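In the order they appear, the protein sequences are chains W and V. The opening residue of the first sequence carries number 1278 in the working numbering; numbering runs sequentially from there. The opening residue of the second sequence carries number 1278 in the working numbering; numbering runs sequentially from there. Where a beta carbon is used, it is the ideal one built from N, C-alpha and C, also for glycine. Nothing here was measured: the structure is a model prediction, and the numbers come from that model.
Number of protein chains: 2
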Amino acid sequence: MQQDVATAMKTSLEQSVIQALRSVLGDGSCVLHEPRFQGNEQAYVQECITSTFVSSVGRYVDRFEQELAAFTGARRAVAVVNGTAALQVALQLAGVQAGDEVIVPTLTFVATANAVHYLGATPHFVDSAEDTLGMDPAALKDWLKHVAEPTAAGSRNRHTGCPIRAIVPMHTFGHPCDLEGLLTIAHDYRLALVEDAAESLGSYYQGQHTGAFGELGALSFNGNKVITTGGGGAILTNDERLADHAKHLTTTAKQPHRWDYVHDEIGYNFRMPNLNAALGCAQFEQLPSFLASKRRLAERYAEAFRGVESVRLMREPKDCRSNYWLQTLLLDEAVADQRDAVLTATNDAGLMTRPAWGLLHQLPPYQQCPRAPLSVAESLARRLINIPSSAGLA
Amino acid sequence: MQQDVATAMKTSLEQSVIQALRSVLGDGSCVLHEPRFQGNEQAYVQECITSTFVSSVGRYVDRFEQELAAFTGARRAVAVVNGTAALQVALQLAGVQAGDEVIVPTLTFVATANAVHYLGATPHFVDSAEDTLGMDPAALKDWLKHVAEPTAAGSRNRHTGCPIRAIVPMHTFGHPCDLEGLLTIAHDYRLALVEDAAESLGSYYQGQHTGAFGELGALSFNGNKVITTGGGGAILTNDERLADHAKHLTTTAKQPHRWDYVHDEIGYNFRMPNLNAALGCAQFEQLPSFLASKRRLAERYAEAFRGVESVRLMREPKDCRSNYWLQTLLLDEAVADQRDAVLTATNDAGLMTRPAWGLLHQLPPYQQCPRAPLSVAESLARRLINIPSSAGLA
Ligand SMILES: Cc1ncc(COP(=O)(O)O)c(C=O)c1O
Ligand SMILES: Cc1ncc(COP(=O)(O)O)c(C=O)c1O
């Protein structure tokens, strides 16, 4: 009898979620996030091919960079091949070197930690805040009290002796994290702050666009992001010197010369091809309408899930304007054990949903890295479900 | 008087070169290499955008990989974001690790050494052969006799104690290097051979396509290459297991799962976007005609430069079929001091030419690396001039 009631309740959570989703999305199937090409995509890409400038230089790259800077309010934007490359170079220019340690959230896409690793540095994992899904300043402070000691040059890990060089907050699913709290701590411990803003184009913290609060930030234009260039990313910064250096490093560090090929440091081939930038320029024109559509979808989901017990739609944090890139449900801890049943039922019904990423400190390649207590992120990872979020659904 | 004759001779070399170039290229200006889009480029790219699959998966990526494998005769091809990334992953899969040493030519584009560096390994520079412009087996052998000693696992540098893990021959401007000689040495010293075939799509050594003679090889589809994807590259290999691993590593090492995000090693975001692969598929259809055109151009240049004293057009090495990607003049050593005058005069005349890359052992970031005697490469670098080479010029 007890068992039957439990089963009935479980069925009812899955059914309620599907019903709420259907009330917004209608019948038929829905992917998690798909791009939308209803503007000048074909025209710009055609023009790009006709011009033969499809590759490393071209006016779409320049235009895309200018538009990104203007939109985000960052002084400069440097277009690159993807968000991972943007993050790697941003970290390098923020001073991260081999042997350093860098603090990242455990609740993020693996690229955040990979970028640290590519530079020969070690990621530390810290906890997230329930209200932002991003790096928790209180948890960061506790962790630094525990591991960091001041040196002439900044902070050092008192256990390993290695410099702790930077923190990399990430704006999860487009919800800005508590930048003010994090900037204060970064300042106190003399750590660089590099924003992983891969998911937050169109998201604002206290009225200012995310991505250039710290020394540098990284955007992504992967196929699943708010706007896409096929594959692409950008480095944002308010520092002209860092921007020039970012451009130099990402274009093989070749010195300008009429014909000589001299590279004055070890650079990367991380440039965004003009072909991809052409797509980006067309997408960019539609960004305001994509953002409006995503905001409407959030309203409609909020309405639809108001009546569903034990489930809450993630809303933008206080003093923030989120881009609502990926819409997110949070199950109550009491029903967290039903998450997989909800995932199975929704996906079986053709409504694509997915859980949070595997927490980074639990992934095989990062299990040995230092970590703070991570109970909030662990709880979020048990309870979190992303639901269909494409622009155009509302 | 003596002085006047010398001046007259100098003028005459520049003028002869321009005259010979004009006899082939006609009036008007000519860039070094530009892509040609006269096939299905617009159609495929449009179809790609209409399908919305512009990013990390899509049928053009699969098709491009299959066509590359079929054309080159390699068992598998894995499309990636550019040639540098291809080389980095090829080296990693060939066993190159941090602390290792890897032997590369000094006469190559900087990416060959950068890929080694990204893995935390150190490049050694060896000399080139005059007849191929590529790594010289005799010079390699002398160098290994000098630095390498055998160990249970392969070879070790007797001075540094570090493993010497691999050699990376490169097919300069599309001319195959002496693979047979190099393979023998690689075998004797138990070194992996990874081909930098960035420039040699369509080039054959003893009837077999370059790029899969060693464990793995790397192609580039940068805007200046025989065919272009905007930016792009591919890993070639005959080993299915290595190919699967290359695909896994270049797509963030995510385990296949309906919704879980688990990455079982530290991978890369090195996938080629479907948008770029669409361009590549259209370009690929025209590869035979591009190759034929480049071969005709070589014939016509050979004819035109036959009468020009002190200058020789680089022709395909013995037992090889070159793609003639970049056409190359070699000045006699006696007139090498006139190279810059020729470069200036030709570029001023709107005929784009350029010298060889700065030799890698002379670049600031690589000056401290070990190096064999490099007199042939140094001579080639003094004497070499690339001339307009686009498909469609003949
Ligand atoms: C949080 C986060 N960081 C970094 C990245 C890396 O961006 P990309 O996929 O463009 O390399 C992504 C997106 O995939 C992301 O979501
Ligand atoms: C010899 C050589 N190696 C590597 C590369 C790197 O290829 P990519 O520019 O596609 O990264 C190139 C081409 O630029 C090259 O010419």
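- No Cβ of chain W is located within less than 8 Å of the beta carbon of tryptophan 1602 (chain V).
- Assignment of asparagine 1551 (chain W) by DSSP, reduced to helix, strand and coil, places it in the helix class.
- Scanning W:Arg1631, W:Arg1583, W:Ser1656, W:Pro1565 for the CA closest to the CA of glutamate 1610 (chain W) turns up W:Ser1656.
- Distance from the CA atom of cysteine 1307 (chain W) to the CA atom of serine 1480 (chain W), rounded to whole angstroms, is 24 Å.
- Each of V:Gly1316, V:Phe1330, V:Gly1509 was checked against the Cα of glycine 1500 (chain W), and the nearest Cα belongs to V:Phe1330.
- Under the three-state reduction of DSSP, isoleucine 1326 (chain W) is assigned to helix.
- Boundaries for valine 1471 (chain V): no alpha helix (DSSP H) harbours it, while the beta strand (DSSP E) harbouring it runs 1469-1473, taken from the DSSP string.
- Below 8 Å, enough C-beta pairs join the stretch 1584-1598 of chain W and the stretch 1408-1419 of chain W to call them touching: three or more.
- Residue pairing by DSSP puts phenylalanine 1402 (chain V) in a beta bridge opposite V:Val1381, V:Arg1648.
- Ranked by Cα distance from valine 1539 (chain V), the first of W:Val1322, W:Gln1323, W:Ala1347, W:Val1387 is W:Val1387.
- In the three-state reduction of the DSSP assignment, threonine 1428 (chain V) falls in the strand class, which pools E and B.
- Not a single heavy atom of ligand 2 lies less than 7 Å from the C-beta of glutamate 1472 (chain V).
- Comparing C-alpha distances from alanine 1375 (chain W) to each of V:His1394, V:Leu1368, V:Asn1553, V:Val1358 shows the shortest one belongs to V:His1394.
- Leucine 1513 (chain W) and serine 1497 (chain W) have their C-alpha atoms some 11 Å from each other.
- Looking at W:Gly1484, W:Met1447, W:Glu1576, W:Ala1430, the one whose alpha-carbon comes closest to that of arginine 1467 (chain W) is W:Ala1430.
- Not one heavy atom of ligand 1 lies closer than 7 Å to the C-beta of alanine 1555 (chain V).
- Runs of the beta strand (DSSP E) lying entirely within the stretch 1467-1539 of chain V, each at least 3 residues long, are 1469-1473, 1493-1497, 1510-1514 in chain order.
- For leucine 1607 (chain V), the secondary structure class from DSSP, reduced to helix, strand or coil, is strand.
- With 16 or more other Cβ atoms inside 10 Å of its own Cβ, glutamine 1560 (chain V) counts as buried.
- Nearest in C-alpha terms to tryptophan 1536 (chain W), of all of V:Arg1548, V:Val1619, V:Glu1344, is V:Val1619.
- DSSP, read as helix, strand or coil, puts arginine 1313 (chain V) in coil.
- Burial of arginine 1598 (chain V) is indicated by the presence of at least 16 other C-beta atoms within 10 angstroms of its C-beta.
- In the same chain as leucine 1574 (chain W), and ignoring 5 residues on each side of it, the C-beta atoms closer than 6 Å to its own belong to Leu1670, Ala1671, in chain order.
- Close to chain V, meaning a Cβ-Cβ distance shorter than 7 Å, are the following residues of the stretch 1607-1641 of chain W: Leu1620, Asn1624, Arg1631, Pro1632, Trp1634, Gly1635, Leu1640, Pro1641.
- For the pair arginine 1353 (chain V) and aspartate 1339 (chain V), the Cα-to-Cα distance works out to about 11 Å.
- The C-alpha of valine 1424 (chain W) lies about 26 Å from the C-alpha of proline 1453 (chain W).
- A distance criterion of 7 Å places the beta-carbon of glutamate 1576 (chain V) beyond contact range of ligand 1, judged by its closest non-hydrogen atom.
- Residue environment analysis places glycine 1544 (chain W) among the buried positions, since at least 16 neighbouring C-beta atoms fall within 10 angstroms of its C-beta.
- Contact of histidine 1401 (chain V) with chain W is not assigned, every C-beta pair being separated by 8 Å or more.
- Counting along the chain, no beta strand (DSSP E) covers asparagine 1624 (chain W); the unbroken alpha helix (DSSP H) around it starts and ends at 1616-1625.
- Among the residues of chain V, those whose CB is under 8 Å from the CB of alanine 1388 (chain W) are Thr1529, Asn1546, following chain order.
- In this structure, alanine 1511 (chain V) and alanine 1363 (chain V) form a Cβ contact; the two beta carbons are roughly 6 Å apart against a cut-off of 8 Å.
- With contacts defined by Cβ atoms closer than 8 Å, phenylalanine 1567 (chain V) and isoleucine 1504 (chain V) form a contacting pair.
- Tyrosine 1337 (chain W) has a beta carbon lying at 8 Å or more from every beta carbon in chain V.
- Relative to serine 1289 (chain W), the option among W:Glu1586, W:Val1357, W:His1448 whose CA is nearest is W:Glu1586.
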